[in-house]
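Participant:
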Amino acid sequence: MITFESVSKTFPDGTKAVTDLDLEIPTGSFTVLVGPSGCGKTTSMRMINRMVAPTAGRVLIDGQDIAEIRAVTLRLGIGYVLQNAGLFPHRTVLDNVATVQRLLGLSKSQARAKAHEALERVGLDAALANRYPAQLSGGQQQRVGVARALAADPPILLMDEPFSAVDPIVREELQAEVRHLQAEIKKTIVMVTHDIDEALGLGDKIAVMAPGGQLQQYDTPLQILTRPANSFVNSLVAKDRGFRTLSFATLKDVDATSLGSPGSDGLIPLGVGAPGWLLELDMALRTATWRGPDGEETGAAVLHRGDSVRSALDAVLASPCSLVLLMDENDVPRSYVGLEDLAPYLRHGVRSRA
Ligand SMILES: Nc1ncnc2c1ncn2[C@@H]1O[C@H](COP(=O)(O)OP(=O)(O)OP(=O)(O)O)[C@@H](O)[C@H]1O
487 MITFESVSKT FPDGTKAVTD LDLEIPTGSF TVLVGPSGCG KTTSMRMINR
537 MVAPTAGRVL IDGQDIAEIR AVTLRLGIGY VLQNAGLFPH RTVLDNVATV
587 QRLLGLSKSQ ARAKAHEALE RVGLDAALAN RYPAQLSGGQ QQRVGVARAL
637 AADPPILLMD EPFSAVDPIV REELQAEVRH LQAEIKKTIV MVTHDIDEAL
687 GLGDKIAVMA PGGQLQQYDT PLQILTRPAN SFVNSLVAKD RGFRTLSFAT
737 LKDVDATSLG SPGSDGLIPL GVGAPGWLLE LDMALRTATW RGPDGEETGA
787 AVLHRGDSVR SALDAVLASP CSLVLLMDEN DVPRSYVGLE DLAPYLRHGV
837 RSRA
């Protein structure tokens, strides 16, 4: 548990960056600090690894005041990912990632072996290990930054706008990877972002901050969306609130229609779900194709029960027959969902179903 106890930070020039912050960040959770530029997010985060010292109050890790822990010892237990990866330009990818283990006293070969493992964990091709940072794309550099922060297996990971410098598609990929990684490794992650969508998509808990480092609300994404504490939080989440809320309901209980048996032509009729339409499944090629009455052919979107109602609605709206296929846990398509099946979520909102 990371605890901020009435923490304030006023810089020597009088700038009040953080004001009387009380926050409890549970071990193993993903907490996102979000808010407009200059509202004290980075300053708050840097007080966790003592890059910034509070002018009032205390920061504790598992009950111990971090002011009493040597800064070097403290930081060895805290990984730090920067906006532009912050890699050493004259060291190879492998040696960048091995840096912390070398500091921890491992031999060069042991450190490199650990670095290889870390690169694999973040999905970086081993062939890139001997390149220099400038020879990588922005997204790859950011992965190296995450690998380096994770290499020493620290219980806490701090991430400062880690995805802001990469394009939107790579950003979504990296976000998905970090989400999977977190489910696997269960670190205590604290991330700073000014992007409310990123915060809502990644955080278990979100701390919304306003200028002057004033905490406005500390809550789950769904609560922040549906029960903003004040007009400041409301202004952050008001746009597309209805659609965003659909991200928090899964297809777990959706009333799907089971697929029938294929006819003699091998195609599955969709009946009243989409009159005249047929489904062609090629299990060997792992493809699914909707076939329309006028000869149309379109690849079918496939989702799982764990996916969100928002992604299902998007897929249904984009489908020529207004259907999306649902896979079972073995990745076999078993049923389909149409607009009518999603209607209860659209009609009653997500709160009662999330
Ligand atoms: N070393 C410093 N000396 C004086 N003022 C500082 C210093 N570091 C930060 N500040 C000021 O403190 C306030 C909070 O800065 P901080 O970087 O924590 O905000 P932020 O919310 O992370 O912003 P951004 O999203 O733009 O990174 C800002 O007004 C900033 O100018």
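Taking the working numbering, the leading residue of the sequence shown gets 487, the next gets one more, and so forth. In this text, a Cβ means the ideal position worked out from N, Cα and C, and glycines have one as well. It should be emphasised that the depicted structure is a prediction, and the values quoted were computed from it without experimental measurement.
Sort out for me which residues DSSP pairs GLY785 with in a bridge.
Facilitator: THR775
Participant: Mapping the DSSP letters down to three states, classify ARG796 as helix, strand or coil.
Facilitator: helix
Participant: Specify, as a first and last residue, the run of the beta strand (DSSP E) that ALA503 falls within.
Facilitator: Where ALA503 is concerned, the enclosing beta strand (DSSP E) stretches over 502-511.
Participant: Taking ALA685 and VAL520 to be in contact with their CB atoms under 8 angstroms, please state how far apart those CB atoms are, rounded to whole angstroms.
Facilitator: 4 angstroms
Participant: Assuming VAL630 contacts LEU573 under a Cβ cut-off of 8 angstroms, what Cβ separation, rounded to an integer in Å, is found between them?
Facilitator: 6 angstroms
Participant: So, are the CB atoms of GLU766 and GLY746 less than 9 angstroms apart?
Facilitator: Going by C-beta atoms, GLU766 is not nearer than 9 angstroms to GLY746.
Participant: Of all the options LEU708, LEU812, GLY792, GLY526, which has the alpha carbon lying nearest to the alpha carbon of THR736?
Facilitator: GLY792
Participant: Taking VAL758 as part of the beta strand (DSSP E), name the residues at either end of that continuous run.
Facilitator: Per DSSP, VAL758 belongs to no beta strand (DSSP E) and is neither H nor E.
Participant: Nearest-angstrom Cα distance between ASP611 and ALA604?
Facilitator: Going from the Cα of ASP611 to the Cα of ALA604 covers about 11 angstroms.
Participant: Is GLY699 close to ligand 1? I mean its beta-carbon at under 8 angstroms from any heavy atom of the ligand.
Facilitator: yes
Participant: Can you confirm whether the region 793-805 touches the region 718-736 when touching is taken to mean that 3 or more C-beta pairs between the two stretches lie within less than 8 angstroms?
Facilitator: yes
Participant: Taking Cβ positions, are LEU811 and LEU828 nearer each other than 9 angstroms?
Facilitator: The Cβ atoms of LEU811 and LEU828 lie no closer than 9 angstroms to each other.
Participant: Can you look up PHE729 in the DSSP assignment and give me helix, strand or coil?
Facilitator: helix
Participant: What's the C-alpha gap between GLY544 and ALA770?
Facilitator: Here residue 544 is Arg; the residue named in the question, Gly, does not match the sequence. Going by the C-alpha atoms only, they are around 60 angstroms apart.
Participant: State yes or no: is the C-beta of GLU815 nearer than 8 angstroms to some heavy atom of ligand 1?
Facilitator: It does not: the Cβ of GLU815 is nowhere closer than 8 angstroms to a heavy atom of ligand 1.
Participant: Whole beta strand (DSSP E) runs in the region 606-654 with 3 or more residues, listed along the chain?
Facilitator: 642-646
Participant: Based on Cα-Cα distance, which residue from ASP690, SER721, PRO707, TYR822 lies nearest to ASP741?
Facilitator: TYR822
Participant: Say yes only if the C-beta of THR585 is nearer than 8 angstroms to one or more non-hydrogen atoms of ligand 1, and no if none qualify.
Facilitator: no
Participant: Helix or strand or just coil, what does DSSP make of HIS680?
Facilitator: coil
Participant: If the criterion is Cβ atoms closer than 9 angstroms, does the pair CYS525 and MET695 meet it?
Facilitator: yes
Participant: What is the DSSP secondary structure of THR517, reduced to helix, strand or coil?
Facilitator: strand
Participant: Secondary structure at ARG791, three-state DSSP: helix, strand or coil?
Facilitator: coil
Participant: Please classify PRO540: does DSSP put it in a helix, a strand, or coil?
Facilitator: coil
Participant: Taking C-alpha atoms, which residue in THR773, ASP548, LEU832, ALA553 lies nearest to VAL818?
Facilitator: THR773
Participant: Is PRO846 buried or exposed, if buried means 16 or more other CB atoms sit within 10 Å of its CB?
Facilitator: One cannot answer for residue 846 here, as it falls past the ends of the chain, which runs 487 to 840.
Participant: The alpha helix (DSSP H) with MET813 in it runs from where to where?
Facilitator: No alpha helix (DSSP H) holds MET813; the beta strand (DSSP E) holding it covers 809-813.
Participant: Kindly indicate which three-state DSSP category ALA604 falls into: helix, strand or coil?
Facilitator: helix
Participant: In whole angstroms, what separates the C-alpha of GLY749 from that of MET813?
Facilitator: The alpha-carbon separation between GLY749 and MET813 amounts to approximately 21 angstroms.
Participant: Between which two residues does the beta strand (DSSP E) containing LYS672 stretch?
Facilitator: Premise fails: LYS672 is in no beta strand (DSSP E) and is neither H nor E.
Participant: So, ILE511 versus THR505, is the Cβ gap smaller than 9 angstroms?
Facilitator: no
Participant: Please state the DSSP three-state secondary structure of LEU828.
Facilitator: helix
Participant: I believe ILE682 touches VAL723 by the beta-carbon criterion, under 8 angstroms. Please report the beta-carbon distance rounded to the nearest angstrom.
Facilitator: 6 angstroms
Participant: Helix, strand or coil for MET487? Go by DSSP, reduced to three states.
Facilitator: Three-state result, MET487: coil.
Participant: Rounding to the nearest angstrom, what Cα-Cα distance links LEU562 and ALA503 in this structure?
Facilitator: 26 angstroms
Participant: Taking the beta carbon of ARG727 as the centre, do at least 16 other beta carbons fall within 10 Å, making it buried, or is it exposed?
Facilitator: By the neighbour-count criterion, in which a residue is buried when 16 or more other Cβ atoms sit within 10 angstroms of its Cβ, ARG727 is exposed.
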